[in-house]
Amino acid sequence: MKIGVVGLGLIGGSLGLDLRSQGHQVLGMSRREETCAEAIARGVVDDASVNPALLTAAEVVFICTPLAAITPTVEQLIPYLTPATVLTDVGSVKTPVVEAIAPLWSNFVGGHPMAGKADSGIAAAELALFASRPYVLTPVATTPIQAVAVVEEIARSLRAVVYHCQPEEHDRAVSWISHLPVMVSAGLIAACMSETNSGVLALAQKLASSGFQDTSRVGGGSPELGVMMARYNKRELLRSLQQYRHNIEALIDLIEQEDWIALEQQLELTQMARHQFNVKNGV
Ligand code: NAP
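Residue numbers (the working numbering): 35 to 317.
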């Protein structure tokens, strides 16, 4: 297949590597000439350009730009696409993207591969980034089932685990398990940095080990991505953060009251509840 990838960063680059390894012809487009040249040099794409005309031959196009650029990018691409071209995106928030693009392009399927890491840009792209990870598709009533099938088959070929849901359900669910953790983790790093004793801060920085590694990872990622989550999923993120504040205050109360039994009961509940989420046991 001829597959277009627009926005050659972490997600677009990783997608290109996987798709090429399967024998697809990958046509890339990005904002900067240097990124296009690097994508060709790294073997992420067969060809790349800042000019959307390159994508005319593509049967499927993945939009992998930052959230704010997804709709303007689709508007820029439309004059170059044939009506049968299937468009999909990888944006971390779905409702505003689907609401904006579904009326512009009937063969559009909203998507979100739930994979990532702290680094961004094409240098961070890697093979098999999506393997064993959830890949959410958010078709709406007007989305053609053939277009959904095309995107789903490609997502499965990445060895991702495909889920379907409404864009609004997606945004509420990812607020809990993706967007809230970014803000909580950022708050954790900021709280540690507020230590006023410079000797203690330096010691804490040296002693940081696996616990801090796990809990600070998502708060130490791309600021641009974090701001986009907050801007585009503001209502759900605020709802999650307010509930989180309530839970933190309840924990503070238990510790202030030295209610160790209630604290233990609470931590037993969270220990059990963690295994109901898609996380590896013992990790
Ligand atoms: P990234 O590494 O920063 O890559 C985005 C790329 O898009 C940049 O390399 C940039 O390339 C290009 N770009 C920026 N503005 C553009 C524009 N106006 N037109 C065309 N290309 C443009 O970001 P990412 O982490 O891959 O995220 C991309 C998308 O994936 C976002 O929508 C995000 O919500 C979603 N996502 C991210 C993750 C994650 O954990 N990172 C996970 C799942 C989904 P140039 O060098 O050419 O400027």
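We put the CB at the ideal spot given by N, CA and C, even for glycine.
Boundaries (first-last residue) of the beta strand (DSSP E) holding H280
Where H280 is concerned, there is no enclosing beta strand (DSSP E), although the alpha helix (DSSP H) it sits in stretches over 268-290.
Which same chain residues, not among the five before or five after R190, have their C-beta less than 7 Å away from its C-beta?
The answer, listed in chain order, is V196.
Using three-state DSSP, classify P147 as helix, strand or coil.
P147: strand per DSSP, three-state reduction.
Can you tell me whether S64 sits near the ligand NAP, meaning its C-beta is under 6 Å from at least one heavy atom of the ligand?
With a cut-off of 6 Å, the C-beta of S64 is classified as near the ligand NAP, since at least one heavy atom of the ligand falls inside that distance.
For C98, the nearest candidate out of V131, L303, D80 (CA to CA):
Nearest C-alpha to C98: V131.
In its own chain, which residues sit with a C-beta less than 7 Å from the C-beta of L163, not counting the 5 before and 5 after it?
If we look at L163 and ignore the five residues flanking it on each side, its Cβ neighbours are S48, A149.
The region 53-66 contacting the region 207-220, beta-carbon criterion three pairs below 8 Å:
Contact between the region 53-66 and the region 207-220 is absent, because fewer than three Cβ pairs lie under 8 Å.
Does the region 172-189 touch the region 69-85, meaning 3 or more C-beta pairs lie closer than 8 Å?
Not touching, per the Cβ criterion.
Let me check you understand the geometry: is the CB of V143 closer than 6 Å to at least one non-hydrogen atom of the ligand NAP?
V143: no, Cβ never under 6 Å from the ligand NAP.
From what residue to what residue does the beta strand (DSSP E) around I74 run?
In the DSSP assignment, I74 falls outside any beta strand (DSSP E) and within the unbroken alpha helix (DSSP H) covering 67-75.
Nearest-angstrom beta carbon gap, P173 and T129 [assumed within contact, 8 Å]
About 13 Å; that fails the 8 Å criterion.
Is the CB-CB distance between V95 and L89 below 7 Å?
For the pair V95 and L89, the CB atoms are nearer than the 7 Å cut-off.
Give the C-beta separation of I156 and A73 to the nearest angstrom, bearing in mind that I take them to be a contact with Cβ-Cβ under 8 Å.
Beta-carbon to beta-carbon, I156 and A73 are separated by about 6 Å, close enough to satisfy the 8 Å threshold.
Cα-Cα separation between L171 and G233, rounded to whole angstroms:
The straight-line gap from Cα to Cα measures roughly 49 Å.
Taking one C-beta from the region 216-225 and one from the region 245-264 each time, how about it: are there three or more such pairs within less than 8 Å?
The region 216-225 is in contact with the region 245-264.
Consult DSSP for P100 and reduce its assignment to one of helix, strand or coil.
Here P100 sits in coil by DSSP.
Nearest-angstrom beta carbon gap, L297 and I289 [assumed within contact, 8 Å]:
I289 to L297, Cβ: 7 Å. Contact.
Can you give me the C-alpha to C-alpha distance between D293 and G254, rounded to a whole angstrom?
Taken atom to atom, the span from the alpha-carbon of D293 to that of G254 is near 33 Å.
Just reading off the alpha helix (DSSP H) that Q247 is part of, what are its end residues?
For Q247, the enclosing alpha helix (DSSP H) starts and ends at 244-250.
Is P100 near the ligand NAP, with its Cβ less than 6 Å from a heavy atom?
Under cutoff, so the answer is yes.
Other residues of its chain near A238: CB distance less than 8 Å, five sequence neighbours each side excluded
Cβ within range, chain order: C226, E229.
Indicate whether A183 and V78 have their beta-carbon atoms separated by less than 7 Å.
Between A183 and V78, the C-beta spacing is not below 7 Å.
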